[in-house]
Amino acid sequence: MEDPDAPLVERARRGDRRAFEQLVERHQHRLLTLAARTLGSADEAADAVQEAFIRAWLGLPRFRGGSLFSTWLYRIGLNAAHDQRLKRRTEPLDEVREPADPQDSFLMSELSSTLQAALNQLEDDYRVAVVLYDVLGCSYTEIAELTDVAEGTVKSRIFRGRSRLAELLGTRTAEE
Amino acid sequence: MVAEMHPHDIELFEYVEDELPQARREEIAAHLATCGVCAAQVELAATGREALRGTELLELPEDRREAILENLPAPERVAGEGRVFSPKLVLAGLTALLLLAAVIGVLVNSRGGAGMESSAGGTAAEDATAASAGGMESVQAKSSLFSSGPADEVAEELQQKGFKASLQKDRVVVRGATEAQVREALADRGPGDVEVVVKNP
Chain R
1 MEDPDAPLVE RARRGDRRAF EQLVERHQHR LLTLAARTLG SADEAADAVQ
51 EAFIRAWLGL PRFRGGSLFS TWLYRIGLNA AHDQRLKRRT EPLDEVREPA
101 DPQDSFLMSE LSSTLQAALN QLEDDYRVAV VLYDVLGCSY TEIAELTDVA
151 EGTVKSRIFR GRSRLAELLG TRTAEE
Chain P
1 MVAEMHPHDI ELFEYVEDEL PQARREEIAA HLATCGVCAA QVELAATGRE
51 ALRGTELLEL PEDRREAILE NLPAPERVAG EGRVFSPKLV LAGLTALLLL
101 AAVIGVLVNS RGGAGMESSA GGTAAEDATA ASAGGMESVQ AKSSLFSSGP
151 ADEVAEELQQ KGFKASLQKD RVVVRGATEA QVREALADRG PGDVEVVVKN
201 P
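So, in structure tokens, the structure goes:
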């Protein structure tokens, strides 16, 4: 599959910051959405995105184009989000930060929605699968590659994740 | 009526996504008409899908985006790609050549007249060393190295070791020292992402 990011990636690999800026512009919102929907925290998600882009910049020389750049980047993003979650668990309670930036208010309102509350209760595997497929529009192949499982498992996780989410949202159908 | 074996989640998913061949789709539809358990699962999955697809992408605040771009460290260079001869490599090569020339000079002179041995040979070696050191000093008035972080800990460690180190954004700036001194002071940390800028007097 031809990667639409390939020309920019090639320039960025050689240290072209302007090319990398364009990649940031192109992917920042999707990467933030992935991190925010999986973490449920605006501040932690923004930190994870910042960390992910810096890791990607540093790792670009080793990126050989074996997958789409976006797939590679989302995987870095998921790892950064995972690290944020671990950090949250190990930080003392009085050091857990509250979102202080007023620009994060939109994010905060989004992440305090009923849908996000339900997403937060989903198992990690289901949450990642439904966010990647239904929110970001990734293909089965991309998700399988990102999560190291077979495409059939991806489909099963999306199906179960959606069902569980609907249960959590309290939208069981009348027929049931 | 007893329903036949329940379809797997994967097929129910493909049913919801309308990805099944027509014949199989009709079989599943017939099953769903008689199996309340599967029908309920399909209904729930469709409801969950609609809820998720109603969400929009989130916007990264402008200051966060700027912070990403401002804090990009110097990139790692691809082995065998890009510039083969960096300024540092050229300097290191020239220094090595000058030192080699000095050593050869000492050896040649040591085989010559006894009166020339110490003065001329010594002078050649000292000149070569001084020239290379002087060259390094003048070119390396400002240089960078990379250490494992975090940056604030690197700055603190250098301050504790007597260096004039300060944290500027995510970089550590050291004044009044040579790169070699700073590199030695941070030897235990090993290479990493924190840029340490060394500014000589």
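Line by line, the protein sequences give chains R and P. Following my numbering, the residues of the first sequence are numbered contiguously, the last one being 176. Following my numbering, the residues of the second sequence are numbered contiguously, the last one being 201. From the three backbone atoms N, C-alpha and C, an ideal C-beta is built for every residue, glycine too.
Taking all protein chains shown into account, Glu25/R has fewer than 16 neighbouring C-beta atoms within 10 Å of its C-beta and is therefore exposed.
With respect to Ala155/P, Leu167/P sits close: the two C-beta atoms are nearer than 9 Å. By the beta-carbon neighbour count (other beta carbons within 10 angstroms, threshold 16), Thr114/R is exposed. In this structure, DSSP gives Ser148/P a state outside helix and strand, which the three-state scheme calls coil.
By the rule that beta-carbons nearer than 9 Å mark a contact, Leu60/P touches chain R. Contact between Gly161/R and Leu122/R holds, since their C-beta atoms are separated by about 6 Å, short of 8 Å. Here DSSP, grouped into helix, strand and coil, assigns Ser113/R to coil. Residue environment: Val37/P is assigned as exposed (fewer than 16 neighbouring CB atoms within 10 Å of its CB, all protein chains considered). The Cβ atoms of Val131/R and Leu52/P sit closer than 9 Å to each other. Under the Cβ criterion (8 Å, minimum of three pairs), the segment 42-60 of chain R counts as touching the segment 78-93 of chain R. In this structure the segment 12-26 of chain R lies against the segment 54-73 of chain R, because at least three pairs of beta carbons, one per stretch, are closer than 8 Å. Gln28/R is the residue among Asp148/R, Thr33/R, Ile143/R, Gln28/R whose C-alpha sits nearest the C-alpha of Glu66/P.
In the DSSP assignment, Val196/P is bridged to Leu145/P, Val172/P.
At the C-beta level, Arg11/R and Gly48/P stay beyond 9 Å of one another. Val182/P is the residue among Val182/P, Leu158/P, Thr55/P whose C-alpha sits nearest the C-alpha of Asn200/P. By the Cβ-count criterion, Gln84/R is buried, with 16 or more other Cβ atoms from all chains shown falling within 10 Å of its own Cβ. Taking C-beta atoms as the reference points, Val196/P and Thr178/P fail to come closer than 9 Å.
Residue pairing by DSSP puts Ser166/P in a beta bridge opposite Val173/P. Cβ proximity to chain R below 8 Å picks out Gly36, Ala39 from the segment 20-39 of chain P. When only Cα atoms are considered, Ala33/P and Leu44/P end up about 16 Å apart. Under the DSSP assignment, Thr55/P falls outside any alpha helix (DSSP H); it carries neither an H nor an E label.
Of Met5/P, Val16/P, Pro7/P, the smallest CA-CA separation from Ile158/R is found for Val16/P. In summary, His8/P is exposed, with fewer than 16 beta-carbon neighbours lying within 10 Å of its beta-carbon over all protein chains present. With a threshold of 9 Å between beta carbons, His8/P makes contact with chain R. Closer than 9 Å to the CB of Val182/P there is not a single CB belonging to chain R. Annotation: Leu73/R to Glu151/R spans about 20 Å, alpha carbon to alpha carbon.
Residue-level contact check: Leu165/R touches chain P, since one or more beta carbons of chain P fall below 9 Å from its beta carbon.
Closest in alpha carbon position to Leu86/R, among Arg75/R, Leu39/R, Phe69/R, is Leu39/R. Listed along chain R are Lys155, Ser156, Ile158, Phe159, each with a C-beta nearer than 8 Å to that of Phe13/P. In this structure Gly15/R is buried. Its beta-carbon is surrounded by 16 or more other beta-carbon atoms within 10 angstroms. With a threshold of 9 Å between beta carbons, Gln41/P makes contact with chain R. Secondary structure at Glu17/P: coil, using DSSP grouped into helix, strand and coil.
DSSP places Phe63/R in the coil class of the three-state scheme, outside both helix and strand. In the three-state reduction of the DSSP assignment, Asp43/R falls in the helix class, which pools H, G and I. Nearest CB-CB separation between Val16/P and chain R: below the 9 Å threshold.
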